[in-house]
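Participant: Residue numbers (the numbering used here): 2 to 197.
(1) Determine the direct distance from the alpha carbon of residue 120 to that of residue 141, and round the result to whole angstroms.
(2) Quick one: measure Cβ to Cβ for residue 1 and residue 72, integer angstroms, because I've assumed they're closer than 8 Å.
(3) Run the CB neighbour count on residue 55, radius 10 Å, all protein chains shown included, and call it buried at 16 or more, exposed below.
(4) To the nearest angstrom, how far is the alpha carbon of residue 50 from that of residue 11?
(5) Measure the beta-carbon distance from residue 175 to residue 163 and round it to whole angstroms, keeping in mind my assumption that it falls under 8 Å.
(6) Compute the Euclidean distance between the alpha carbons of residue 178 and residue 22, then round it to the nearest angstrom.
(7) Based on DSSP bridge pairs, tell me the residues matched to residue 163.
(8) Distance check for residue 184 and residue 44, CA to CA, integer angstroms please.
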């Protein structure tokens, strides 16, 4: 392989396998079984250690998961959320082709089980803007149990305030996401000298 200067560059075999598997994964459904390390060794003509290293890199990125004694499977891709748009949780999940669900961890306060934003609009308080703060935190025991992840694992915590056109707070939410199942997409404008 040649770089931009025309010089030859070396790509390690595990990276070649990883790149080939990334292309395959894009065409497979979550949960689909993948070739074993031995099958990858035969297919790519590499050692078991090289094949395992490639698959471990994919596992580290959350693209695959291993089940001891059963094999390696396609992981569930992370949820992507647009940072610069305001969608209700239900609409955000539908936009991604997922089924919106929520679980009440405390006592419900006589609220219909529908989109809060729809209820607010009907009541004459349409949400117009908001602000979110996202931080990384380790999962405590409760987080680990509810999110089906290990205690101490990386987790993103989003605190969001949504207001009406007068700046009155309408909603405060705190959402917790396992870091390997969540991604934030951000559009931005370049300011200053670089933009000229």
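For each residue, glycine too, the CB sits at the ideal point set by N, CA and C.
Note that this is a predicted model, so its numbers are computed, not measured.
Facilitator: According to the structure data:
(1) Indexing the chain shown from 1 puts residue 141 at position 140. Indexing the chain shown from 1 puts residue 120 at position 119. So the two alpha carbons sit approximately 33 Å from each other.
(2) Any property of residue 1 remains undetermined from this structure, which presents the chain solely from 2 to 197.
(3) Residue numbering aside, residue 55 sits at position 54 when the chain shown is read from its first letter. Per the 10 Å Cβ criterion, buried.
(4) To locate residue 50, count along the chain shown from 1; it is residue 49. To locate residue 11, count along the chain shown from 1; it is residue 10. Approximately 19 Å between the Cα atoms of the pair.
(5) Looking up residue 175 in the chain shown gives position 174. Looking up residue 163 in the chain shown gives position 162. About 13 Å; that fails the 8 Å criterion.
(6) Stepping through the chain shown from its first residue, residue 178 is reached at position 177. Stepping through the chain shown from its first residue, residue 22 is reached at position 21. Their Cα atoms are separated by approximately 26 Å.
(7) By one-based count along the chain shown, residue 163 stands at place 162. DSSP, once it has assigned bridges, lists 131, 172 as partnering residue 163.
(8) The residue you call residue 44 lines up with position 43 of the chain shown. The residue you call residue 184 lines up with position 183 of the chain shown. Going by the C-alpha atoms only, they are around 32 Å apart.
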